[in-house]
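Residue numbers (the numbering used here): 329 to 611.
Backbone N, C-alpha and C fix where the C-beta goes; we use that ideal spot for every residue, glycine too.
Only one structure is covered here, and it is reproduced in the block below.
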Ligand code: AMP
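Quick look at the structure:
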């Protein structure tokens, strides 16, 4: 087995390594994560290889994107196994900052968002979430100055928020989107799937099944609202409490009322037991 890749714990040692690589003509790709790696994260590493020569993964469970009621303290953490998986995937460096490194005493700046961050999807249920995500990603971009950064379509609204952030604040980093990796039964891979009981795990793929069926219905020109209602009934019937099941403009995430002919994305969030799952699909 290959020796584990080096780990940088602070910004100075991260920058020292990245400067040396840049001086040698390497290009840097960043894959931001919260760890507890699964095959979805590994797919981002592979996707990154077409966009640069050195892959850096950040692993940081970012407290500012969790609400006080959420699972910050119980979020799964597995650094040693993560480093092994990242090494195996052919990554080059892991950046694991502490909370003090990212938010030292006196930290007082937050990025304020509109556009895709305020469309009434995740933001309706997690009102402080995207400000936390955008602020930490902006910090990571300044710390790493990557040529490209890879994000999963799994967090589709996040992808659109960060694409907007990079454009609006003139980051030179190219935002790369990677497709959703799923279990054989369709359940989107997520670090939070470990929270599911055996019974809940059995019912969890209903979310994706309902979205798939809904997308098919819309493609065959059935009325969108009726197709969504059918999906909501199927998802609730599988034991989920629904936060939202919506059809939106695939780029702006705006409501579809006056957007006939626009590219459509179906997005859903629902809770099964104590676990909140999100998923989305192109139409
Ligand atoms: P997280 O560790 O959950 O913050 O996710 C880190 C990155 O991995 C984000 O860009 C996610 O969208 C992406 N990701 C998470 N799950 C998947 C998946 N099943 N397929 C593809 N990308 C994913």
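Nearest by alpha-carbon distance to residue i: which of the options is it?
i: residue 451; options: 477, 471, 491, 395; result: 395
i: residue 381; options: 361, 494, 561, 349; result: 349
i: residue 365; options: 387, 528, 540; result: 387
i: residue 334; options: 367, 414, 358; result: 414
i: residue 480; options: 368, 399, 419, 590; result: 368
i: residue 591; options: 329, 554, 360, 547; result: 547
i: residue 446; options: 604, 580, 542; result: 580
i: residue 588; options: 577, 531, 511; result: 577
i: residue 511; options: 493, 611, 536; result: 536
i: residue 355; options: 410, 473, 449; result: 473
i: residue 383; options: 448, 442, 411; result: 411
i: residue 542; options: 495, 611, 377; result: 611
i: residue 405; options: 393, 389, 419; result: 389
On the CB-based measure, 16 or more other CB atoms within 10 Å of its CB, does residue i come out buried or exposed?
i: residue 561; result: exposed
i: residue 464; result: buried
i: residue 497; result: exposed
i: residue 331; result: exposed
i: residue 347; result: exposed
i: residue 397; result: exposed
i: residue 519; result: buried
i: residue 574; result: buried
i: residue 360; result: buried
i: residue 448; result: exposed
i: residue 319; result: Within the shown structure, residues of the chain are numbered from 329 to 611, placing residue 319 beyond reach of any answer.
Taking just the CA atoms, how far does residue j sit from residue i?
i: residue 282; j: residue 391; result: Nothing in the structure corresponds to residue 282, since the chain is present only between 329 and 611.
i: residue 538; j: residue 516; result: 13 Å
i: residue 436; j: residue 489; result: 21 Å
i: residue 503; j: residue 459; result: 18 Å
i: residue 403; j: residue 522; result: 10 Å
i: residue 357; j: residue 551; result: 42 Å
i: residue 617; j: residue 540; result: Residue numbering for the chain in the displayed model covers 329 to 611; residue 617 lies beyond these limits and cannot be assessed.
i: residue 471; j: residue 343; result: 7 Å
i: residue 423; j: residue 491; result: 22 Å
i: residue 483; j: residue 469; result: 19 Å
i: residue 525; j: residue 428; result: 34 Å
i: residue 433; j: residue 545; result: 53 Å
i: residue 527; j: residue 601; result: 10 Å
i: residue 501; j: residue 557; result: 39 Å
i: residue 595; j: residue 554; result: 15 Å
i: residue 499; j: residue 505; result: 16 Å
i: residue 461; j: residue 400; result: 14 Å
So residue i and residue j are supposed to be a Cβ contact under 8 Å. How far apart are they, rounded?
i: residue 345; j: residue 407; result: About 18 Å; that fails the 8 Å criterion.
i: residue 338; j: residue 455; result: Not really, about 32 Å apart at Cβ, beyond 8 Å.
i: residue 529; j: residue 569; result: Going by Cβ atoms, the distance from residue 529 to residue 569 rounds to 17 Å, so no, they are not a contact pair.
i: residue 597; j: residue 609; result: Not quite, the Cβ-Cβ distance comes to about 13 Å (not below 8 Å), so this is no contact.
i: residue 362; j: residue 373; result: Contact doesn't hold; Cβ gap of about 15 Å is too wide.
i: residue 467; j: residue 509; result: The pair is not a contact, with the Cβ atoms about 27 Å apart (cut-off 8 Å).
i: residue 585; j: residue 453; result: About 22 Å separates the two Cβ atoms, so there is no contact after all.
i: residue 485; j: residue 444; result: 6 Å
i: residue 379; j: residue 513; result: Between residue 513 and residue 379 the Cβ distance is about 31 Å, and since that is not below 8 Å, they are no contact.
i: residue 370; j: residue 417; result: 5 Å
ask   = Quick one, what's near ligand 1 if you take every residue whose CB is closer than 6 Å to any heavy atom, in chain order?
value = Those residues whose C-beta sits under 6 Å from the nearest heavy atom of ligand 1 are, from N- to C-terminal order along the chain, 361, 362, 368, 369, 371, 372, 479, 480, 482, 483, 506, 508, 509, 516, 517, 518, 519.
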